[in-house]
Amino acid sequence: MTRDERYFFVTGPLMSHTISIYELNPEGFLTEADFSPFLVPSAHPGGVNVSPESQAFLGLVGY
1102 MTRDERYFFV
1112 TGPLMSHTIS
1122 IYELNPEGFL
1132 TEADFSPFLV
1142 PSAHPGGVNV
1152 SPESQAFLGL
1162 VGY
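Just so we're on the same page, the working numbering is the position in the sequence shown counted from 1, plus 1101.
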């Protein structure tokens, strides 16, 4: 949940590297945002590391 309680992030299975993003509406229900899922590049030898900007956005420092 983000600090402003507007978005809720759900991580997918490790191998999928996706983050589903939900919005909390005024009635208290979660609806999946139209810009979800957020795709995260795999961080592995020979792969593409997750950028610091993405880490900050996702809260996944050290991912």
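Where a beta carbon is used, it is the ideal one built from N, C-alpha and C, also for glycine.
- Within the model, the alpha-carbon separation for tyrosine 1108 versus glutamate 1128 is close to 14 Å.
- Taking 8 Å as the upper bound for CB-CB distance, isoleucine 1122 and alanine 1134 are in contact here, some 4 Å apart.
- For glutamate 1106, no beta strand (DSSP E) encloses it, and the DSSP letter there is neither H nor E.
- The secondary-structure analysis by DSSP pairs glutamate 1128 with nothing; it has no beta-bridge partner.
- Distance from the CA of threonine 1132 to the CA of phenylalanine 1110, rounded to the nearest whole angstrom, comes to 11 Å.
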